[in-house]
Amino acid sequence: MYDVIVVGARCGGAPTALRFARQGYRVLLLDRGKFPADKLSTLYIQQPGVARLAAWGVLDAVKASGCPPLDHVVYELGDVRVEGCASGVDGIREAYAPRRSVLDPILVDAAVAAGAEFRDDCRVLDLLWNDERVVGVRCGGPDGPVDEHAALVVGADGMRSTVAELVGAPKTVEHPPLTCAYYTIWHGPRTHFEMYEGDTGWVSAVPTNDDAVLIAAYHPQQRFEEVRHNAFDSYLANVRTNAPKLYAQIEDAEQVGRLNGTGDQQNYFRRAHGPGWALVGDAGHHKDSLTARGITDAFMQADLLADTVGDALPDPVRLDAALAEFERARDARLTENYHATLLVAQAEARDKRRALLRAVGTSPELTTRYFDAVAGIVGLRELYTPELMALMASPAATG
8 MYDVIVVGAR
18 CGGAPTALRF
28 ARQGYRVLLL
38 DRGKFPADKL
48 STLYIQQPGV
58 ARLAAWGVLD
68 AVKASGCPPL
78 DHVVYELGDV
88 RVEGCASGVD
98 GIREAYAPRR
108 SVLDPILVDA
118 AVAAGAEFRD
128 DCRVLDLLWN
138 DERVVGVRCG
148 GPDGPVDEHA
158 ALVVGADGMR
168 STVAELVGAP
178 KTVEHPPLTC
188 AYYTIWHGPR
198 THFEMYEGDT
208 GWVSAVPTND
218 DAVLIAAYHP
228 QQRFEEVRHN
238 AFDSYLANVR
248 TNAPKLYAQI
258 EDAEQVGRLN
268 GTGDQQNYFR
278 RAHGPGWALV
288 GDAGHHKDSL
298 TARGITDAFM
308 QADLLADTVG
318 DALPDPVRLD
328 AALAEFERAR
338 DARLTENYHA
348 TLLVAQAEAR
358 DKRRALLRAV
368 GTSPELTTRY
378 FDAVAGIVGL
388 RELYTPELMA
398 LMASPAATG
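If you count the sequence shown from 1, you need to add 7 to reach the numbering used here.
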């Protein structure tokens with residue numbers, strides 16, 4: 008008998024298991040994959056997420072992996088270029104982008120050190136129910152199916168969450184996919200964390216472990232069927248057209264591994280709780296990866312769930328009330344940036360983004376505030392001050 012079973016041991020699940028284990032609960036952490044393993048990811052962790060890594064005591068391990076600190080950001084849209092850095096959180100101004108084959112085992116090891124039991128290569132086959140309440144999972148591993156019971160089952164198993172499907176968690180907010188993304192990793196380019204936006208797409212460069220750079224190309228979703236049939240040539244054409252200086256660097260670079268891609272960048276909130284269950288990370292909320300918020304948001308949800316549940320776990324009535332509060336707080340924290348991401352991923356709003364970048368580039372203070380908003384350190388309301396709105400409306404910004 009466990010107190011908490013966490014399904015999925017990646018950026019949502021492992022920190023959730025870590026936090027509950029440190030509260031003294033008996034935690035079982037499951038993942039259907041065999042660790043360590045890479046996964047589809049843009050890798051980038053914004054400063055609020057890095058601050059959580061520090062608070063959990065695992066940031067030093069990320070640094071020791073050779074992952075470089077990223078304290079300079081470039082955003083270039085046509086002839087407009089803004090560069091600088093966020094002000095930071097708890098004295099931390101650096102972002103990091105570790106390979107997932109590095110980060111995920113670090114998080115799992117921390118959860119195990121805190122007392123959680125970990126089983127990889129273990130797939131959830133079904134949930135266990137007592138009337139309408141989830142009371143555990145049936146999972147299958149190398150030795151066959153086994154039933155495990157717990158007061159709380161947390162689905163942290165990604166966009167195609169088995170837990171969400173088994174509890175019938177509906178999508179409470181949903182918008183159609185806006186981009187499709189392809190990336191590969193290169194040895195050779197020397198970049199900061201960079202984003203380029205042109206007339207036909209977006210390109211990002213993210214330095215990671217081993218002196219490598221993940222370079223991603225985003226196409227409008229309506230081009231997915233065309234792009235996927237000639238993915239690598241389309242990827243190179245996107246970089247060449249929208250980030251020509253970056254393309255010049257990869258011409259002589261070494262490609263590391265295969266091209267990864269997806270046209271399934273869903274945008275939604277799911278119902279995140281019910282009797283005896285909760286969803287965190289991509290299982291409960293997902294948005295286009297253009298704004299690189301997925302890992303940081305998953306970390307936030309892990310902390311939020313553990314903090315909200317607190318000592319309520321043994322009491323089903325208090326637990327259900329805490330889980331309802333978790334969902335309310337999750338939605339309040341993530342809704343604003345969800346809609347901001349939808350705007351960033353729409354080519355039709357490009358002129359507004361260009362005016363914004365021209366305006367924030369007029370002063371170091373506005374530039375820092377802009378990168379604070381991108382990182383989620385401040386809300387968009389703190390960015391869009393009357394001063395900034397006036398600058399955006401000026402002929403210099405709109406011309």
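Beta carbons are placed, not taken as given, at the ideal position from N, Cα and C, and that holds for glycine.
_CA-to-CA distance, Gly95 to Tyr242, given in whole angstroms_ = Here the C-alpha atom of Tyr242 lies approximately 33 angstroms from the C-alpha atom of Gly95.
*asked:* Using the three-state DSSP reduction, which class does Glu204 fall into: helix, strand or coil?
replied: Here Glu204 carries a strand assignment [DSSP, helix/strand/coil].
*Counting only the same chain and skipping the five closest in sequence on each side, list residues whose C-beta sits under 6 angstroms from that of Glu334.*
Ala279 and His280
*If you check the beta carbons only, do Glu231 and Pro22 fall under 8 angstroms apart?*
Correcting the residue identity first, residue 231 is Phe in this sequence and not Glu. Not a contact, by the Cβ cut-off of 8 angstroms.
_Distance between Gly368 and Leu110 (C-alpha atoms, nearest Å)_ = 34 angstroms
_Meets three-Cβ-pair contact criterion under 8 angstroms: the segment 312-321 and the segment 257-274_ = At 8 angstroms Cβ cutoff, the stretches do not touch.
*DSSP puts Lys178 in a beta bridge; with which residues?*
Answer is Arg277, bridged to Lys178.
*Determine contact between the segment 282-292 and the segment 118-132, defined as no fewer than three beta-carbon pairs at a distance below 8 angstroms.*
no
_Buried/exposed call for Thr191, threshold 16 Cβ in 10 Å_ = buried
*Is His293 closer than 8 angstroms to Gln273 when the C-beta atoms are compared?*
yes
*the segment 329-347 touching the segment 43-59, judged by at least three CB pairs closer than 8 angstroms*: no
*What residues in its chain sit with their C-beta under 7 angstroms from that of Ala188, if we drop five residues either side in the sequence?*
Ala223, Tyr225, Gly268, Thr269, Gln272 and Ser296
_Residues in the same chain with beta-carbon distance under 6 angstroms from Pro43, minus the five sequence neighbours each way, listed in chain order, please._
Counting only Cβ-Cβ distances below 6 angstroms, and skipping sequence neighbours, we find Ser108 and Pro112.
*Near Ala352, which residues of its chain fall below 6 angstroms by C-beta distance, leaving aside the five closest residues on each side in sequence?*
Around Ala352: Leu185, Thr186, Asp295 and Leu297.
*Could you check where the alpha helix (DSSP H) with Ile302 kicks off and where it finishes?*
Gly301 to Val316
*In DSSP terms, what Pro227 is bridged to*: Thr186
*Are the Cβ atoms of Ile12 and Leu47 separated by less than 8 angstroms?*
Between Ile12 and Leu47, the CB-CB gap reaches or exceeds 8 angstroms.
*Determine the DSSP secondary structure at Ile384, reduced to helix, strand or coil.*
Residue state for Ile384 is assigned as coil, using DSSP reduced to three classes.
*Which whole runs of the beta strand (DSSP E) in the segment 83-143 are 3 residues long or more, in chain order?*
Whole beta strand (DSSP E) segments, 3+ residues: 87-91, 124-126 and 130-137.
*asked:* Taking contact to mean 3 or more Cβ pairs, one atom from each stretch, closer than 8 angstroms, check whether the segment 151-171 and the segment 134-143 are in contact.
replied: yes
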